Amino acid sequence: ACNSKTLAEQCSAGGNVCEIAIDGYYISVAVCSVIGLIWYKLLFNKIKYLQKIPRKDWSVTMK
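First residue of the sequence shown? That's 118 in this note's numbering, and the numbers climb one at a time after it.
#1: Using only the alpha-carbon positions, how far apart do Ile139 and Gly131 sit?
#2: Within the continuous alpha helix (DSSP H) that includes Asn162, where are the two ends?
#3: Taking just the CA atoms, how far does Ile144 sit from Val151?
#4: So what's Glu136 in DSSP terms, helix, strand or just coil?
Structure, rendered in structure tokens:
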């Protein structure tokens, strides 16, 4: 693994190919955090409105 520029240069000088792998965990965390912040921003007011509705208005009456 080439964790630094020095190691990458040593690997290339030896005739090898330096492969760099990116861990998908950090990408997933970043993408999900952005989606969560967007969701929060877009739906915050709607959620607050729904929380203010009295409990009796949520009841379903069958006739």
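Glycine residues also receive a C-beta, built at the ideal position from the N, C-alpha and C atoms. Given the structure is predicted, the values throughout are model-derived calculations rather than measurements.
The answer reads as follows:
#1: Approximately 23 Å, taken between the alpha carbons.
#2: 141-169
#3: 11 Å
#4: Correct three-state label for Glu136: coil.
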